[in-house]
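Residue numbers (this note's numbering), protein chains in the order written: chain A, 119 to 321; chain F, 119 to 321.
Virtual Cβ for every residue (Gly too), placed ideally from N, Cα, C.
Structure first, commentary second.
Protein chains: 2
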Amino acid sequence: MIKGNQGTEERIFEAAKNVFVKKGLNNSRMQEIAQEAGMNKALLHYYYRSKEKLFQAVFNSVMKRVIPPIAEMLEKEIPLFEKIEFIVDRYINSLISNPQIPVFFIQEIQRNPQQIVEIIKKYGIKPEVFFQQIENEIKAGNIIDIQPQQLIVNLLSLCVFPFAARPVVQGMIFENDKKKYDQFLFERKKEVSKFIINSIRKK
Amino acid sequence: MIKGNQGTEERIFEAAKNVFVKKGLNNSRMQEIAQEAGMNKALLHYYYRSKEKLFQAVFNSVMKRVIPPIAEMLEKEIPLFEKIEFIVDRYINSLISNPQIPVFFIQEIQRNPQQIVEIIKKYGIKPEVFFQQIENEIKAGNIIDIQPQQLIVNLLSLCVFPFAARPVVQGMIFENDKKKYDQFLFERKKEVSKFIINSIRKK
DNA sequence: TGTAATTTTGACCACTTGGTTAAACCTGTT
DNA sequence: AACAGGTTTAACCAAGTGGTCAAAATTACA
């Protein structure tokens with residue numbers, strides 16, 4: 119049964135996602151989202167009540183798409199070095215496909231930190247499993263002594279930061295050459311895991 | 119000669135810096151800045167014409183305080199490993215004193231990327247000097263083969279990201295314990311340089 | 001086909017915000 | 001004391017904002 123509204127709600131949602139992710143909550147206008155969806159502004163309120171509600175819907179959906187794969191990777195039962203290579207490769211790959219996500223997150227983090235933590239935990243990331251694996255490897259003498267927290271933050275930093283700071287880094291050390299920076303990011307899929315493993319492997 | 123305005127302009131500037139750095143341009147209100155400075159809103163326009171001009175004044179000042187020390191460190195003529203230790207320690211220290219700066223920058227980066235690159239170059243950061251030093255060490259066989267760009271972005275990532283993502287990381291892996299996270303950041307002053315040098319040192 | 005229910009629209013509202021202005025207020029000078 | 005300069009203020013304005021509403025258009029259904 120095709121209802122009268124042939125995907126109106128979905129069109130609003132997609133338009134909102136585009137605009138919100140690109141500009142963040144405070145720089146996005148309801149009017150702009152309506153235009154992007156090709157309809158009247160009042161419809162956004164008809165379907166989603168308020169800007170805040172619409173934003174929450176978008177934000178939850180983005181989290182739901184981004185977090186579970188990470189959770190799954192962290193808990194996968196494969197050797198540590200393999201796992202690091204796997205996570206870095208997949209994570210950077212997904213950031214290459216969605217390069218605005220880090221800034222979108224960082225902005226929302228400031229606005230509402232606790233909510234994000236709760237969503238992340240809801241979708242199942244339990245860093246303790248990964249921590250345990252790291253500690254086991256340390257005890258087994260396979261990697262150097264390092265705080266698991268330091269290691270995982272290092273991994274995150276190395277993956278995410280180049281996307282958040284792209285405009286400046288690209289301007290400073292890549293003569294603003296977009297292709298060069300894309301290539302740079304592509305190579306990081308291997309470089310970052312090499313860098314990490316090099317650092318923690320026991321000689 | 120003490121004029122009638124006993125530092126009014128400076129008080130505006132300080133108030134604006136506080137508010138802008140904490141909330142970013144778009145979430146800051148002129149009224150709020152006026153309140154913080156304890157004066158009438160019209161005075162902000164009397165001294166700085168517009169919100170944008172006031173923001174530029176603040177932004178330039180912050181850049182002027184943050185960039186030159188980095189430029190100086192990058193060009194200092196000391197051995198590479200020492201330099202890495204020096205930069206990481208000083209940089210993280212300065213971020214501990216000004217933890218909102220990374221988010222402030224990342225937000226402004228999106229708004230006006232090219233302007234930032236120009237300011238940075240104006241204040242004298244020339245990464246080429248550092249790149250040359252890295253390439254020399256590679257040729258001399260002291261460190262492994264690595265793209266200088268990858269290395270410097272790794273260094274930046276490891277220093278800056280934990281401040282930008284603090285609320286989430288603190289919530290996820292430090293049970294939202296502020297003191298634990300402060301301690302974590304403090305330890306990174308040594309951990310990050312160890313991590314980097316471990317990775318690039320030739321065995 | 002006629003009617004009720006739902007969806008869509010344009011006009012509108014209340015409020016916020018950056019910015020302006022004319023008048024009041026110093027403060028130093030004569 | 002009176003004047004002249006810059007400084008400070010309260011009141012105001014225009015534009016933009018999220019949100020509302022009644023009427024129009026469309027769809028579902030008897």
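Self-check item: Rounded C-alpha distance that separates Lys135/A from Tyr166/A
Solution: 13 Å
Quiz prompt | Ile196/A in three-state terms, based on DSSP | solution = coil
Self-check item: Where Gly261/A falls: helix, strand or coil (DSSP)
Solution: The amino acid occupying residue 261/A in the given sequence is Ile; Gly does not appear at that position. In this structure, Ile261/A counts as strand in the three-state DSSP scheme.
Practice problem: With Gly289/A as the anchor, note down where its alpha helix (DSSP H) starts and where it stops. | Solution: 284-291
Quiz item: Buried or exposed: where does Asn158/F fall if 16 or more other Cβ atoms within 10 Å of its Cβ makes it buried?
Solution: exposed
Quiz item: Skipping 5 residues on each side, what residues in its chain have a beta carbon closer than 6 Å to that of Arg129/F?
Solution: Ala155
Quiz prompt | Short-range partners of chain F found in the stretch 261-281 of chain A, where Cβ spacing is below 9 Å | solution = Ile262, Ile264, Gln265, Pro266, Gln267, Gln268, Leu269, Ile270, Val271, Asn272, Leu274, Ser275, Leu276, Cys277, Val278, Phe279, Pro280
Quiz item: What separation, rounded to the nearest whole angstrom, lies between the Cα atoms of Phe131/A and Arg284/F?
Solution: 29 Å
Quiz prompt | Selection from Arg183/F, Pro197/F, Lys297/F, Leu213/F that minimises the alpha carbon distance to Ala258/F | solution = Pro197/F
Quiz prompt | Chain-order list of residues whose beta-carbon lies under 7 Å from that of Leu172/F (same chain, five-residue window excluded) | solution = Ala134, Leu162, Tyr166
Quiz item: Taking buried to mean at least 16 other C-beta atoms within 10 Å of its own C-beta, is Ala160/A buried or exposed?
Solution: exposed
Quiz prompt | Paired residues, beta bridge with Arg319/F - DSSP | solution = Ile261/F
Quiz item: On the three-state DSSP scale, how would you describe Ile243/A?
Solution: coil
Exercise. State whether the stretch 209-216 of chain F contacts the stretch 206-214 of chain A, with contact taken as three or more CB pairs (one from each stretch) at a distance under 8 Å.
Key: no
Quiz prompt | Coil, strand or helix - Ser215/F by DSSP | solution = helix
Exercise. Decide if the stretch 248-256 of chain F is in contact with the stretch 305-312 of chain A; the criterion is three or more beta carbon pairs, one per stretch, under 8 Å apart.
Key: no
Practice problem: With 8 Å as the threshold, decide whether the Cβ of Gly289/A is near any Cβ in chain F. | Solution: yes
Exercise. Please name the residue in Phe138/A, Phe222/A, Pro231/A whose C-alpha comes closest to that of Asn294/F.
Key: Pro231/A
Self-check item: Member of Met290/F, Glu203/F, Phe248/F, Leu274/F whose CA lies at the smallest distance from the CA of Lys240/A
Solution: Met290/F
Quiz item: Residues of chain F with CB under 9 Å from Ala189/A, in chain order?
Solution: Simply none; closest approach about 11 Å.
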